[in-house]
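**Q**
Number of protein chains: 4
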Amino acid sequence: MPGFNHLYIPGPTNVPDQVRMAMNVSMQDMRAPDFPAFTKPLFEKVAKVFRNTTGRVFLYPSSGTGAWEAAIQNTLSPGDKVLMSRFGQFSHLWADMAMRLGLDVELIDCDWGTGVPVEQYAERLNADVAHEIQAVFVTHNETATGVTSNVKAVREALDAAKHPALLMVDGVSAVGSIPFDQDAWRVDCAVSGSQKGFMLPAGLGMLSVSKWALDANKRAGYARTFFSFEDMIANNNNGYFPYTPATQLLHGLNTSVDMMLDEGLENIWARHHRLATGVRKAVAAWGLDLCAQEEKWYSDTVSAILVPEGFDARDVISTAYSKYNTSLGSGLSKVAGKVFRIGHLGWLNEGMVCTALSVAEMALIDTGIKIEAGSGVGAAITHFSQTAADATPKRAAA
Amino acid sequence: MPGFNHLYIPGPTNVPDQVRMAMNVSMQDMRAPDFPAFTKPLFEKVAKVFRNTTGRVFLYPSSGTGAWEAAIQNTLSPGDKVLMSRFGQFSHLWADMAMRLGLDVELIDCDWGTGVPVEQYAERLNADVAHEIQAVFVTHNETATGVTSNVKAVREALDAAKHPALLMVDGVSAVGSIPFDQDAWRVDCAVSGSQKGFMLPAGLGMLSVSKWALDANKRAGYARTFFSFEDMIANNNNGYFPYTPATQLLHGLNTSVDMMLDEGLENIWARHHRLATGVRKAVAAWGLDLCAQEEKWYSDTVSAILVPEGFDARDVISTAYSKYNTSLGSGLSKVAGKVFRIGHLGWLNEGMVCTALSVAEMALIDTGIKIEAGSGVGAAITHFSQTAADATPKRAAA
Amino acid sequence: MPGFNHLYIPGPTNVPDQVRMAMNVSMQDMRAPDFPAFTKPLFEKVAKVFRNTTGRVFLYPSSGTGAWEAAIQNTLSPGDKVLMSRFGQFSHLWADMAMRLGLDVELIDCDWGTGVPVEQYAERLNADVAHEIQAVFVTHNETATGVTSNVKAVREALDAAKHPALLMVDGVSAVGSIPFDQDAWRVDCAVSGSQKGFMLPAGLGMLSVSKWALDANKRAGYARTFFSFEDMIANNNNGYFPYTPATQLLHGLNTSVDMMLDEGLENIWARHHRLATGVRKAVAAWGLDLCAQEEKWYSDTVSAILVPEGFDARDVISTAYSKYNTSLGSGLSKVAGKVFRIGHLGWLNEGMVCTALSVAEMALIDTGIKIEAGSGVGAAITHFSQTAADATPKRAAA
Amino acid sequence: MPGFNHLYIPGPTNVPDQVRMAMNVSMQDMRAPDFPAFTKPLFEKVAKVFRNTTGRVFLYPSSGTGAWEAAIQNTLSPGDKVLMSRFGQFSHLWADMAMRLGLDVELIDCDWGTGVPVEQYAERLNADVAHEIQAVFVTHNETATGVTSNVKAVREALDAAKHPALLMVDGVSAVGSIPFDQDAWRVDCAVSGSQKGFMLPAGLGMLSVSKWALDANKRAGYARTFFSFEDMIANNNNGYFPYTPATQLLHGLNTSVDMMLDEGLENIWARHHRLATGVRKAVAAWGLDLCAQEEKWYSDTVSAILVPEGFDARDVISTAYSKYNTSLGSGLSKVAGKVFRIGHLGWLNEGMVCTALSVAEMALIDTGIKIEAGSGVGAAITHFSQTAADATPKRAAA
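Chains as they are written, first to last, in UniProt numbering: chain Z, 1 to 398; chain E, 1 to 398; chain W, 1 to 398; chain H, 1 to 398.
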């Protein structure tokens, strides 16, 4: 189909030109003497994006799912009791993994459209005087429903209960896009992947761990090799890897974290909030509802939008794709057919949001859903115009 | 600035991924024995895009300006009388070149916002019973004002007058985007460049000539070497070039003409018309006027939009650029400050048009021009939704 | 340093331009309706490279190490007795993994420079009348020592003993380069990675399994999620993946397997044998020895070359790298300092081999090792000249 | 054919990865307000490569041939008397152009294999007391025969004669590779192209002019537009161009001149001399002769090698190409069939030279020319080993 494919799924996200250029490389020797001069600063920069100063970062050639598994295998033991909650496809999948890996999962099922039930977590933690719970799991941003949970509040609940459990956070669609502070919140294992806020192709699983997680690693009872911290640490300490790393992606990552630190994390977070607000104003203008049930759950990286009763959101998505060359996110599992999703994270600006909203309008109209053409985009335009920085200095054409 | 730069100037246009991939090549020997197996079919495919079966196509490492000069040097002689008209910056520049190269230019100045004055051309041709006029020049699409002229009517005027003058057409922002038929209209020299409908970076000047132009070449009195047809023909006939060709761009061109012929020229023209109509509906919804004075002049590749009295269009353009990372076309020369331009040609679809319109709305609002947010995009959305093909088969992910 | 880096390690190998171009892509939706039209033929083509018609192929975003783990987790159970042998760093690492994952490893230690001890394997299999051995492991090509083992003979030993154990083969530096026939040898799990014969960047772990391995999967007792066959199969059957696949690499893989099947596997094997023979003739001309102790062990993908007593092979390697911008393979573990390695696999031709040999000569001379300048390259040149195909038809410049 | 194509023609040369990455860009607005922040430093850096501080540099979307024409059109007038010499295909072509453009060419024909006849030039200049000669032309490096002329000596002859003629130098295969000093030698027009020492694809013609050339421009009588200094100056002074520039190549150029200035011009020259010496030692070891008749003519960027009587050099070249995927330079015009050429300029190191020499040996042997296999490469290896810098600090993997 003519024209660019417009990619507004919540990952993979759009890759900046600079990153794409950085990946257009010849291969190199991953055992070369100057390889550490490339990797060691890279590890440090990635840790800065997580705001992790106590521990370290692992970069696996894998996916976010792999990093989930790495977190469990390296800090827990089969049979360990853990506290989890489920309110969407990705929190479901992590819980499913935990159970399949033999953890004793205390699973709190919540409405899809809500997030981590901090009060219930607090209750359980307070009740667990024997400290049987070894880890508490949080899906920071549930990509399936567009819900952001309060990681900080979970940390506060742990601290209030003086509970030593590890805090495990799925930050795949959060880190590098919305506020995340591993140190301040003492997140022990923060999972992410390359294809979201890091603006890279899929292929890297990232795991940023605190020093407490590194301590736990020594007691962890899982058999492990590919994801083993020990092997990684022994090699990473010298700037190398226990097996051939995905150097092409590492070069892309090097550029993307430079760009992120150059823009500034707070600026990135503010940008995501402003752009996401535009999307939400559009949804309101259309007269539609978000899957996220309350404002406190609103995600600044993805919006899951409910279609009215009697319509199938899959028609919106397939129309956008087949008629307008635009990829919107589909509803997964329980919300299949009920929601379509707009990913608004990563390398994003006003014009890109308006593209997504415009195509969504066309697809909604074509599907027979009554909205006023231009209403949503117009609402976003008004918001963006009112909130634009007065003078955005342009960088020189690079 | 974060997010993609949105490029909606009337050239360079957006380069398709496939073309970009094709240009990511190592260098090669332009005298290799298998080089002609690449170039000969390429010449044929480019000629197809021009609909030229009587003559041949020249590919210069240059620009459209270079191809203008090539056309003059190779078919005319200093002092030759030629008929030209001026109604925008690019028709001005070609006339300026003709005068500086020593042609005896009979220049008809027209209102900017109109196009080639066919009736006046007809008059002069009819009056020129001695056939002193050696060539008639037509700027098919005046990129500065968004005006398309009627090449076919000029051919008819020539034929009605039984006048043997050559028909020289500047098709830089026309060929490959709007209807162009070199054979049917017997265009003798059709000039184009790589960075418009051909969807490539700038760097190639294209000149497609009829057999009558090749005949004229034998009599042409200009000294010439770099742009010489003779040198090109002697080498191109064997699949080679008289000097090192820009092989990287030729590889891109090979891919882009394949894409164009694959989509089909009529389909491309229809797509441009449909998308341009969306832009014009947006302009109307804003309550603004085009620089093109009548519908018959409307260009399907670029719209020059007048800002109301009391405003400076440069503010709209600089706002779009500095606040919204979007490149709109500026007003040139006489219309500087009066118009901003939206390029809508090349690798384009509905979502891309809506991007340009959305940013234009933000920039207009920020500049203080009263428009209703969403009105223009909404009008385009309605148009696109009403006119979308029912089932656009997707090509497999490539 | 000026000039290209010459990469002659046994992986990552040199990436063809065509593959590099294919990876220069924008991101795409891995849940799009036309994604299976891309992935399903891809799975089939990869299976053809393995010559696997009974089972299927898994493509993990990981590394060869990950595929090793996937093979074990999905077909065996903790405590299972397996037969392995160790004669180099990579056979060591796989055995180490097996032990750490809790298998009961019967490990035969062999001289480094030899390969899988087929006779001893046969003995153990014949002796194992109770069929306690669940799997037999073979490192097809030990990359550390440049030794190729006889997979077919192990299959014959299994068959002769009428032993039902699974045959697990590490084909990381073998598949796609030297003769490999999963069907004929009934290999149950064939492990490979993207960065060797597949001529891609690192980042994909490949596992090609027979139908017997798929049967074993149903009984396999390991907890697994990331590498789980079940999750992969459920999704791959529809052309999708259980988590975000590395689409950039999949596009590269699509191109590289097309190139491989286009060249023809037998032709690729013959090419590797001819080029490797040139390397071995050079080594002989230098008066040096291979680590591989007998001709039957010679690897056609990598040569590990012993330096004379009193010299440190690391000096050769660091000289090649720091003075001549060339990456040679280092000696690992037991053979560190004793060998340097030349990788000669993947996208390779005569000129590339001569590059590696020329630089090796400079580095040897600089290190003080007495060789005659030009002797090795000359021997290779003579071999290549004598064995070159008479008429290699060139493909058209693409 | 498998493996990299080995490109050892004297241009296009091999493009560094960094440059290739820099050209993998989206298009941009060449009238954007921040475009000058990119172009103005670029002009300055290019001028540094020419060592031009008195005048300025013009960057045309064209080729070296275009820059030849630009030099003539902008500084001379039809009928002007000029002094030229011819001793190879490229000095021939420039003279041919000068004559076709109507200059009164006093042409000294020299043996192919020699260079500019400085003594004869001096004679004519001394004899020209009326200063009728308006310009003296020098082909600095005759690419067809591998001959470098003495530009400095020509300047000295001009000065000794107190002759005001302009000094026009074709530096296409010289600038950026061998010593060139526009200021010191007061070269008035120095022509170059992107695809040689600048390590870029073809597509840019470069013309670096002195202030005396800029003065001459005011008197120049040629009609001109595309190559007009005036139009360029008016726009370049503000950082823009009179027509759409080839921004993709400009980005590549920006990177390549950074790399050149970073390596240091003297270091680049020394590197070329050292590598070229290796080639010449190989030629001597083969028992063959260069086309360049004396050492003083030896070119450090290209060697034209004579094949023995009774052989056709075209067989060597076609064998290298069709059997070994290697591009060697062919003999042009008078020396067709008599020489094959090895280009050794640009992004080059020892291993690359050895590649070219090794393939040349195979092709010579296959053609039936008696040389000892390994003799030439061995001689080069010995030279490189003896002259290698002790410690070449590696830059970090970038």
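Where is the CB? At the ideal position from N, CA and C, for every residue including glycine.
#1: For a contact meaning CB atoms closer than 9 angstroms, what does Met352 (chain E) contact in chain W?
#2: How far does the alpha helix (DSSP H) with Val118 (chain E) in it extend, from its first residue to its last?
#3: If I follow the unbroken alpha helix (DSSP H) through residue 407 (chain W), where does it start and stop?
#4: Of all the CB atoms in chain H, is at least one closer than 7 angstroms to the CB of Lys394 (chain W)?
#5: Taking DSSP as the reference, what is the three-state secondary structure of Trp269 (chain E)?
#6: Among E:Val339, E:Ala153, E:Val335 and E:Leu253, which residue has its Cα nearest to the Cα of Lys196 (chain E)?
#7: For Thr53 (chain E), count neighbouring C-beta atoms within 10 Å of its own C-beta (all shown protein chains included) and say buried if the count is 16 or more, exposed if not.
#8: Could you give the DSSP three-state label for Glu361 (chain E): helix, strand or coil?
#9: Decide yes or no for the touch test of the stretch 335-355 of chain Z against the stretch 210-226 of chain Z: beta carbon pairs closer than 8 angstroms, at least 3 of them.
#10: When DSSP labels each residue in this structure, what does Arg86 (chain Z) get in the three-state scheme?
#11: Measuring CB to CB, does Gln134 (chain W) end up less than 7 angstroms from Ala165 (chain W)?
#12: Leaving out the 5 sequence neighbours to the left and right, which residues in its chain are closer than 8 angstroms to Glu69 (chain E) when beta-carbon positions are compared?
#13: Quick one: is Arg395 (chain Z) buried, meaning 16 or more other Cβ sit within 10 Å of its Cβ, or exposed?
#14: Flag this pair as touching only if the stretch 51-65 of chain W and the stretch 101-116 of chain W have three or more C-beta atom pairs under 8 angstroms; answer yes or no.
#15: I'd like to confirm the pairing. Which residues does DSSP put opposite Asp183 (chain W) in its beta bridges?
#16: Short check: CB of Gly351 (chain H) to CB of Val172 (chain W), under 7 angstroms?
#17: What first and last residue would you give for the beta strand (DSSP E) that runs through His6 (chain W)?
#18: What residues in the stretch 7-27 of chain E have a beta carbon less than 8 angstroms from any beta carbon of chain W?
#19: For Ala380 (chain E), count neighbouring C-beta atoms within 10 Å of its own C-beta (all shown protein chains included) and say buried if the count is 16 or more, exposed if not.
#20: Between residue 479 (chain H) and Gly203 (chain H), which are expected to be in contact by the criterion C-beta below 8 angstroms, what is the C-beta distance as a whole number of angstroms?
#21: Between Val136 (chain E) and Leu83 (chain E), which are expected to be in contact by the criterion C-beta below 8 angstroms, what is the C-beta distance as a whole number of angstroms?
#22: Residues in its own chain within less than 6 angstroms of Asp145 (chain H) by CB, not counting five upstream and five downstream?
#23: Interface residues of chain H around Gln182 (chain E) at Cβ under 7 angstroms?
#24: Among residues of its own chain, excluding the 5 on either side of Arg280 (chain H), which ones have a beta-carbon nearer than 8 angstroms to its beta-carbon?
#25: So with CB distances below 7 angstroms, who are the chain W contacts of Ile305 (chain H)?
#26: If you count every other CB in all the chains shown that lies within 10 Å of the CB of Lys296 (chain Z), and 16 or more means buried, which is it?
#27: Spell out the partners DSSP gives Gly329 (chain Z) in its beta bridges.
#28: Kindly indicate if chain Z contains any beta-carbon less than 7 angstroms away from that of Glu294 (chain E).
#29: Less than 7 angstroms between CB atoms is the rule here; does Ala202 (chain Z) satisfy it with respect to chain W?
#30: So with Cβ pairs under 7 angstroms, would you call Ala174 (chain H) a contact of chain W?
#31: Can you tell me whether Ile108 (chain Z) is helix, strand or coil according to DSSP?
#32: DSSP three-state call for Asp262 (chain H): helix, strand or coil?
#33: Step through the CB atoms of chain H and report whether any lies within less than 7 angstroms of the CB of Pro2 (chain W).
#34: Between Leu107 (chain E) and the ligand SAM, is there a pair consisting of the residue's CB and a ligand heavy atom that are separated by less than 6 angstroms?
#35: My output table needs one value for Val175 (chain W): the three-state DSSP class, helix, strand or coil.
#36: Quick one: grab the DSSP three-state call for Glu222 (chain W).
**A** To lay it out plainly:
#1: For the C-beta of Met352 (chain E), not a single chain W residue is nearer than 9 angstroms; the gap to the nearest is close to 14 angstroms.
#2: Val118 to Ala127
#3: With chain W covering 1 to 398 only, the question about residue 407 (chain W) has no answer from this structure.
#4: Residue placement at Lys394 (chain W) is flagged as unreliable, the pLDDT there being 37, under the threshold of 50; the coordinate-derived value follows with that caveat. Cβ-Cβ to chain H under 7 angstroms: yes for Lys394 (chain W).
#5: DSSP, reduced to helix, strand and coil, places Trp269 (chain E) within a helical segment of the structure shown.
#6: E:Leu253
#7: So Thr53 (chain E) counts as exposed.
#8: helix
#9: no
#10: Three-state DSSP puts Arg86 (chain Z) in a strand.
#11: In terms of Cβ geometry, Gln134 (chain W) and Ala165 (chain W) form a close pair [threshold 7 angstroms].
#12: Met97, Leu101 and Phe227
#13: Reliability of the predicted coordinates at Arg395 (chain Z) is poor, the pLDDT of 34 falling under 50, and no value is obtained from them.
#14: In short, these stretches do not touch, since the Cβ pair count stays below three.
#15: DSSP output for Asp183 (chain W) lists no bridge partner at all.
#16: no
#17: His6 to Tyr8
#18: Within the stretch 7-27 of chain E, the residues whose Cβ lies closer than 8 angstroms to any Cβ of chain W are, in chain order, Asp17, Arg20, Met21, Ala22, Asn24, Val25 and Ser26.
#19: buried
#20: As displayed, chain H neither begins before 1 nor continues past 398, which places residue 479 (chain H) out of reach and without an answer.
#21: 5 angstroms
#22: In the sequence under discussion, the amino acid at residue 145 (chain H) is Thr, which differs from the Asp named in the question. Counting only Cβ-Cβ distances below 6 angstroms, and skipping sequence neighbours, we find Gly88, Trp112, Gly113, Cys291 and Ala304.
#23: By Cβ distance, chain H contributes nothing, its closest Cβ being about 23 angstroms from Gln182 (chain E), past 7 angstroms.
#24: Leu290, Tyr298 and Ser303
#25: The contacting residues do not exist; Ile305 (chain H) stays about 17 angstroms from chain W at best.
#26: exposed
#27: Z:Arg341
#28: no
#29: Chain W, which has a Cβ nearer than 7 angstroms to the Cβ of Ala202 (chain Z), makes this yes.
#30: Under the 7 angstroms criterion on CB atoms, Ala174 (chain H) is classed as non-interfacial with respect to chain W.
#31: strand
#32: helix
#33: Look at Pro2 (chain W): its C-beta is under 7 angstroms from a C-beta on chain H.
#34: Annotation note on the ligand SAM: not contained in the displayed structure, which lists no ligands.
#35: coil
#36: Checking the displayed sequence, the identity of residue 222 (chain W) turns out to be Tyr instead of Glu. Coil, per DSSP.
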